[in-house]
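Visitor: Note that our numbering has the sequence shown beginning at 310, numbered continuously upward. The beta carbon of each residue, even a glycine, is placed where N, CA and C say it ideally should be. Being a predicted model, the structure only gives us computed values, none of them experimental.
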Amino acid sequence: MPEKVPKKKKERKRYYRKRVEFFRLLQKMKLWPSRKRILHGIKSIEIVGKQAIITTHCGETFTAYNSKNSRVARHLRNKWDMQICRACNIPSWKIEKFKATRFSQSYGSNLVEKDSEG
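In structure tokens, the structure reads:
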């Protein structure tokens, strides 16, 4: 009798708008591509006006500006070839989820905050 091979669950595609607010996208994805094309996991984001103080799991802390056209926003949207930071220890499920995420100009979530009012 042939053995059953367990089916690998196909990751569901997620769609976001291309021009979604940058800080909300970072808060949702919790990933940061560095200039050396290394993908870091974000530990915390503290938004201060038009800037954010970002801390990665490997201990780096830096500030970023809220820009939809920034290098980081383009890297996240286009998923350019990146290595994964070993110190951040990003789980494989998060990488698969990131790879399955798609960006569209006319379709997808705007990542708008939902009002807490009834």
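Given this structure, state the Cα-to-Cα distance separating Arg-395 from Ser-413, to the nearest angstrom.
Guide: Cα to Cα, Arg-395 sits roughly 30 Å from Ser-413.
Visitor: Over the uninterrupted alpha helix (DSSP H) stretch that includes Ala-373, give me the two end residues.
Guide: No alpha helix (DSSP H) contains Ala-373, which is instead part of the beta strand (DSSP E) from 370-374.
Visitor: Sorted by chain position, which residues of the same chain lie with C-beta nearer than 8 Å to Arg-386's C-beta, five sequence neighbours on each side aside?
Guide: Cβ within range, chain order: Lys-327 and Phe-412.
Visitor: Report, in whole angstroms, the separation of the C-beta atoms of Lys-359 and Asn-375, which I expect to be a contact under 8 Å.
Guide: The Cβ separation is near 5 Å, so the contact holds.
Visitor: Is Tyr-324 closer than 8 Å to Leu-420 when the C-beta atoms are compared?
Guide: No, Cβ-Cβ distance for Leu-420 and Tyr-324 is not below 8 Å.
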